[in-house]
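Below you'll find the structure, written out as structure tokens, and then a few comments.
Residue numbers (the working numbering): 30 to 479.
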């Protein structure tokens, strides 16, 4: 989809939360009607210690992206890079990794935003209105285009995945009984019974294969691409939140990633991935055994029909009917066994591909993010807890008026602050804690649209 990146000079945005200031400028210069139907990404790009801050805008409409570029090209807002260095085109953005900030719906409302500071910037920016929109008269008369953005992670799972095993069996039995009832006057009740069991097995086999096709289609869907982008930006918390929906859980790959993202370490992550793999293997084998049970059911129906015919009609009618029932039993048994083997091969091949992708790409991608999340959250929480305890001690000492004890408490407080300082030093700016944790040695960023 069309994209444009707007660059800000972090030195001109002021100290502290320069991401908040940049989004304030964005929402002030471009009102909600101009951003409707777009997705916002943010982060630092380029190399060197003084990297520009980028806000990328992605939309389905090239006209919308061009209109936003035109608005910011004529803007004189403080913090924007010079006009000749202000924009990054779509090709250059493919080489960078930016974290998703939010989506703006076609009605001009912000959704999928998990940062309070960004929501506050949106509210404040919209309250001030546009400060540098060129040609206001023509913009007021321009008809607003209805842009509908297809979500990367849909709300509903495919129909083939939503069908429960009970519903699948009920539909198969309905068709089987209907087929048997239609064949009884033409072939007799013996062959009709064999056809009933055979049709039930075939219908369930096709339903299972339909579900497997739907699951295979999710392995390279837009949801997987969005997950890869979030994990590349080390947004593990946002990834876990977005993969908890019905559509993401319909994919066997995304189910594993969702479970792993909640693990505290890589040992637990590998254990969870193994449990999910075993569960999928058991479900696949159960489906295959069910089809094979129908194969044996066709042979059993033929044998029972011959036995009943010998008891109620005599040996001669049974002998006349035996060739047809034997052929029907062999054909139905072979075809259903062949279908079961094909389902097993397809399922094992899909599970093998998922396991290979997990080992080759997703586990290495999740490993630094999980370790970084654990180290950052654990260290900060522990240090802040100790700091709060020390302040409580200071308050108690001041209330009692003990000078000597106050000196010792202040020393302990100072020691705790010294321990907290290197933990917080691992982050370049506080506002990126929720989206883009920045390690001490920052590698070259990879692509926002990869």
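Note that CB positions come from ideal geometry on N, CA and C, so glycine has one too. Nothing here was measured: the structure is a model prediction, and the numbers come from that model.
(Q) Please give me, in chain order, every unbroken run of the alpha helix (DSSP H) with length at least 4 that falls completely inside the region 71-159. (A) For the region 71-159, the full-length alpha helix (DSSP H) segments reaching 4 residues or more read 91-102, 119-122 and 145-157 along the chain.
Q.
Pairs of beta-carbons, one from the region 304-321 and one from the region 334-343, closer than 8 angstroms: are there three or more?
A. Three or more beta-carbon pairs separated by less than 8 angstroms are not found between the region 304-321 and the region 334-343, which leaves the two stretches without contact.
Q. Helix or strand or just coil, what does DSSP make of residue 35?
A. Translated into positions along the chain shown, residue 35 becomes position 6. In this structure, DSSP gives residue 35 an extended state, which the three-state scheme calls strand.
Q. When we look at the beta-carbon of residue 111 and count the other beta-carbons within 10 Å, is it buried (16 or more) or exposed?
A. In the chain shown, counting from the first residue as 1, residue 111 sits at position 82. Exposed: under 16 other Cβ atoms inside 10 Å.
**Q.** Member of 122, 118 and 217 whose CA lies at the smallest distance from the CA of residue 335
**A.** Numbered from its first residue, the chain shown carries residue 335 at position 306. Per the Cα distances, 217.
**Q.** Through-space distance from residue 238 to residue 358, alpha-carbon basis
**A.** Within the chain shown, numbered from 1, the residue matching residue 358 stands at position 329. Within the chain shown, numbered from 1, the residue matching residue 238 stands at position 209. About 24 angstroms.
Q: Go through its chain and collect everything with a Cβ distance to residue 330's Cβ below 6 angstroms, but skip five positions before and after it.
A: Residue 330 sits at position 301 when you count from the first residue of the chain shown. Here the set comprises 222, 223 and 226.
Q) Which residues share a DSSP beta bridge with residue 69? A) As a first step, residue 69 must be located in the chain shown, where it is residue number 40. Answer by DSSP bridge pairing, in chain order: 86 and 131.
(Q) Distance check for residue 198 and residue 277, CA to CA, integer angstroms please. (A) On the chain shown, residue 277 is found 248 positions in, with the first residue counted as 1. On the chain shown, residue 198 is found 169 positions in, with the first residue counted as 1. Near 25 angstroms, if we compare the C-alpha coordinates of residue 198 and residue 277.
Q. Is residue 291 helix, strand or coil when you go by DSSP?
A. By 1-based counting over the chain shown, the position of residue 291 is 262. In the structure shown, residue 291 sits in coil (DSSP, three-state: anything other than H, G, I, E or B).
Q: Output the distance between the C-alpha atoms of residue 188 and residue 94, rounded to the nearest integer angstrom.
A: Your numbering for residue 188 matches position 159 in the chain shown. Your numbering for residue 94 matches position 65 in the chain shown. Residue 188 and residue 94 have their C-alpha atoms some 34 angstroms from each other.
Q) Among 362, 244, 207 and 385, which has the Cα closest to the Cα of residue 192? A) Position 163 of the chain shown, counted from the first residue, corresponds to residue 192. Taking each of 362, 244, 207 and 385 in turn and checking the Cα distance to residue 192, the smallest one comes out for 244.
Q: Would you mind reading off the limits of the alpha helix (DSSP H) that contains residue 519?
A: What is shown of the chain runs 30 to 479, which leaves residue 519 out entirely.
Q. CB-CB under 7 angstroms to residue 51, same chain, minus the five flanking residues each way: which ones, in chain order?
A. Translated into positions along the chain shown, residue 51 becomes position 22. For residue 51, same chain residues with a beta-carbon under 7 angstroms away, outside a window of 5 residues either side, are 37, 42, 82, 84 and 108 in chain order.
(Q) I need the DSSP call for residue 318, collapsed to helix, strand or coil. (A) Along the chain shown, one-based indexing puts residue 318 at 289. Residue state, collapsed to three classes: helix.
**Q.** Three-state class that DSSP yields for residue 193 in the structure shown
**A.** Position 164 of the chain shown holds residue 193. It is coil, neither helix nor strand.
Q | Inter-residue CB distance, residue 67 and residue 88 (contact presumed, cutoff 8 angstroms) | A | Sequence index remark: in the chain shown, residue 67 carries index 38 (1-based). Sequence index remark: in the chain shown, residue 88 carries index 59 (1-based). Yes, they are in contact, since the Cβ atoms of residue 67 and residue 88 sit about 4 angstroms apart, within 8 angstroms.
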